[in-house]
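Residue numbers (our numbering), protein chains in the order written: chain A, 37 to 284; chain B, 293 to 373. Worksheet: the structure to be examined is printed underneath.
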Amino acid sequence: MASEGGLSIDPMHQFQIVPLFGEGPLHWYTPTNQTLWLAVTVLAVIGVLVLGSTRRAIIPGRLQSMGEVFYSFVHSMVEDVTGHEGAKFFPYIMVLFTFIVTANLMGLIPGAFASTSHIAVTATLALAVFLTVTLVGLYKKGIGFLAMFWVTSAPLALRPILALIEVISYFVRPVSHSIRLGGNMMAGHAVMKVFAGFAGVMGIGSIVPIAAIAAIYGLELLVAVVQAYVFAILTCVYLRDAVGEAHH
Amino acid sequence: MTGDLVQFALMGKYIGAGLATMGLGGAGIGVGIVAGNFLSGALRNPSAAPGQTANLFVGIAFAEALGIFSFLIALLLMFAV
């Protein structure tokens, strides 16, 4: 594509999933760049948290303070948003946040594969959140969980319409939850590749797109952390619907 | 003749995908309103601002969600239709 034009770089090429060893069709067991970077992410998270928590020094070293910052940040977020009752879901939110933030930042390493830019990864995470919230809500509140669709503060005539809207918005939650993360990651990486394509054809003027790439890279570092935070805090908000008191 | 029709359909697909991305402008307006109002509120009462950052991000996320649907339509047009 676009071989005769000025743009010789296909910005979507970086998201291609290819097998690690040789060519050939992809099976579910084929090790690909996707599985490699997911594994690297998981090992990095485990490494930081396990190595950081084995020493347990009074004066924390680098790894330990990193683990402590992660822990206290996520813990205060869960307690603030879901309340005391939801704090027992802290391990789940911790896993989600640390995994997503590490995967996002790993994807920004030049040459690395951005695993969270794939909807398949983020949709799996979002569907797991959706199922957890639904099952926990039905288990905790029984049929009373459905009361969150029946907005009692609204006039009676409006309630059926609002109930319909609430049901629809409940079921599109996993869609927006997953595409927000995947789309942000994919768009950022594609924008950087597009600017890299400009840099290749502009000669001495390519200093402008290169400076732009540096600026966008800084923005992407921010986006990587913010999107992981948004994913985790939205999970907390959804869990509050399931375990907390009705707030409508 | 059929080749022309295929090209024509492809053109419609790309134009449609491009039009669908315009919905993200609305998401940009929404996020800007949320962040701007947060900032004006935070400058009036700076001591209350740190406790509201979670609400800020949730509001931004909900405003962004509707723009994401237009992005989804663009993706569907590009890769699924």
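Note that beta-carbon positions come from the ideal geometry of N, C-alpha and C, so glycine has one too.
Three-state secondary structure assigned by DSSP to residue i
| i | result |
| --- | --- |
| LEU338 of chain B | Per the sequence shown, residue 338 of chain B should be read as Pro rather than Leu. Note: PRO338 of chain B maps to helix in three-state DSSP. |
| PRO292 of chain A | Within the shown structure, residues of chain A are numbered from 37 to 284, placing residue 292 of chain A beyond reach of any answer. |
| SER362 of chain B | helix |
| GLY178 of chain A | helix |
| THR152 of chain A | helix |
| THR68 of chain A | strand |
| GLY236 of chain A | helix |
| VAL187 of chain A | coil |
| ASP296 of chain B | helix |
| MET37 of chain A | Residue placement at MET37 of chain A is flagged as unreliable, the pLDDT there being 39, under the threshold of 50; the coordinate-derived value follows with that caveat. Three-state DSSP puts MET37 of chain A in coil, outside helix and strand. |
| PRO210 of chain A | helix |
| ILE95 of chain A | coil |
| VAL295 of chain A | Residue 295 of chain A cannot be examined here, being either before or after the span of chain A that is shown, 37 to 284. |
| HIS63 of chain A | coil |
| LEU74 of chain A | helix |
| LEU161 of chain A | helix |
Residue span of the alpha helix (DSSP H) that contains residue i, given as start and end
| i | result |
| --- | --- |
| HIS120 of chain A | 98–122 |
| ALA251 of chain A | 243–279 |
| MET142 of chain A | 126–143 |
| VAL203 of chain A | 195–207 |
Residue i and residue j closer than 9 angstroms at C-beta
| i | j | result |
| --- | --- | --- |
| PHE166 of chain A | TYR274 of chain A | yes |
| CYS272 of chain A | MET113 of chain A | yes |
| GLY319 of chain B | ILE360 of chain B | Strictly speaking, residue 319 of chain B in this sequence is Ala, with Gly absent from that position. A contact, by the Cβ cut-off of 9 angstroms. |
| ALA80 of chain A | THR168 of chain A | no |
| THR134 of chain A | GLY143 of chain A | no |
| GLY333 of chain B | GLN344 of chain B | yes |
| ASN69 of chain A | GLN263 of chain A | no |
Residues within the segment 337–352 of chain B neighbouring chain A, beta-carbon criterion of under 9 angstroms: Of all residues in the segment 337–352 of chain B, GLY343, ALA346, PHE349, VAL350 and ILE352 have a Cβ within less than 9 angstroms of some Cβ in chain A.
Residues of the segment 309–325 of chain B with Cβ closer than 9 angstroms to any Cβ of chain A, in chain order: Across the segment 309–325 of chain B, no CB contact with chain A closer than 9 angstroms is found for any residue.
Proximal residues, the segment 253–278 of chain A versus chain B, C-beta separation under 8 angstroms: Flagged, chain order: VAL262, TYR265, VAL266, ILE269, LEU270 and VAL273.
Chain-ordered residues of the segment 89–111 of chain A with a beta carbon less than 8 angstroms from chain B: Here the close residues number zero.
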